[in-house]
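A short write-up of the structure that comes next.
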Amino acid sequence: QQPVQSPQAVILREGEDAVINCSSSKALYSVHWYRQKHGEAPVFLMILLKGGEQKGHDKISASFNEKKQQSSLYLTASQLSYSGTYFCGTGGHSGNTPLVFGKGTRLSVIA
Amino acid sequence: SQTIHQWPATLVQPVGSPLSLECTVEGTSNPNLYWYRQAAGRGLQLLFYSVGIGQISSEVPQNLSASRPQDRQFILSSKKLLLSDSGFYLCAWNFNRVTGELFFGEGSRLTVL
């Protein structure tokens, strides 16, 4: 079942913060976040495996609330390079279970 | 190092014509391979995946098919394309078999006219 992402789109000015949410009606074993630049392939950002886990690099971080079956991606002090479409993907309890992706959140950062 | 290649990068095909998209992975063995399609408003839709030679799982009933003739080769085909087959086709392999992270190829953009 496809996870639901919100918002569908967001426009930010450089330096502003944003939160992208991902929720599922099914139990989540893992949540993957990817970013896709226009016309390019999605690129892996991070994976969260455990409830309560938080991760981040640079100014992009994510959290995973296993009980609520939700994950959030936090973009802090956004830069122009953050523009793109962000996808969350939900996995099963095995690495062989294919990821099911949400419809994506289009993020546009303007100067 | 591991790489993944797709071709062709772009193609324009008439309705009813056949299709063959190829994907190869280098630098690894026995990868799990996936075909996703990206159409407007639908995000990344899983089409097929394969955990080994000759093993194909289909996620969406359609006029597409997939084959894995060699360990590191994954092919997406159609005998007769429909307008609705237009989209951006992405091949991927999971570079971490335990947790399933994906690395995507460059993609093949198909326009059916």
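Top line first, the protein sequences correspond to chains P and F. Counting in the numbering used here, the first sequence runs from 2 upward without gaps. Counting in the numbering used here, the second sequence runs from 582 upward without gaps. Where is the CB? At the ideal position from N, CA and C, for every residue including glycine.
Using a C-beta cut-off of 8 Å, the region 598-608 of chain F makes no contact with the region 75-91 of chain P, since fewer than three inter-stretch Cβ pairs fall below that distance. For a Cβ distance threshold of 7 Å, residue set H33, F45 and I48 of chain P lies close to E682 of chain F, ordered along the chain. Close to Y630 of chain F, with beta-carbon spacing below 7 Å, are these residues of chain P in chain order: P99.
In this chain, I634 of chain F is not harboured by any beta strand (DSSP E), its DSSP state being neither H nor E. Annotation for A63 of chain P: the continuous beta strand (DSSP E) segment containing it runs I61 to N66. Residue pairing by DSSP places K56 of chain P opposite P:A63 in a beta bridge. Counting along the chain, the unbroken beta strand (DSSP E) around Q37 of chain P starts and ends at S31 to Q37. Annotated as proximal: S79 of chain P and E17 of chain P, with beta-carbon spacing under 9 Å. For A112 of chain P, there is no enclosing beta strand (DSSP E), as DSSP gives it neither H nor E. Following the DSSP letters along the chain, one finds A673 of chain F inside the beta strand (DSSP E) bounded by residues G668 to N675.
Per DSSP, reduced to three states, the secondary structure at S25 of chain P is coil, with no helix or strand assignment. The distance from the Cβ of D652 of chain F to that of S610 of chain F is about 6 Å, consistent with a contact at the 8 Å cut-off.
L625 of chain F carries a strand assignment under DSSP once its states are collapsed to helix, strand and coil. Cβ proximity to chain P below 7 Å picks out nothing from the region 598-612 of chain F. By the rule that beta-carbons nearer than 9 Å mark a contact, F655 of chain F does not touch chain P. Here S639 of chain F carries a strand assignment [DSSP, helix/strand/coil].
Out of P:E67, P:Q9 and P:L46, the CA that lies nearest to the CA of G57 of chain P is found in P:L46. As computed with DSSP, Y83 of chain P is found in no beta bridge at all. Rounded to the nearest whole angstrom, the CA to CA distance from L108 of chain P to R36 of chain P is 10 Å. Within a 10 Å sphere around the beta-carbon of Q6 of chain P sit 16 or more other beta-carbons, which makes this residue buried.
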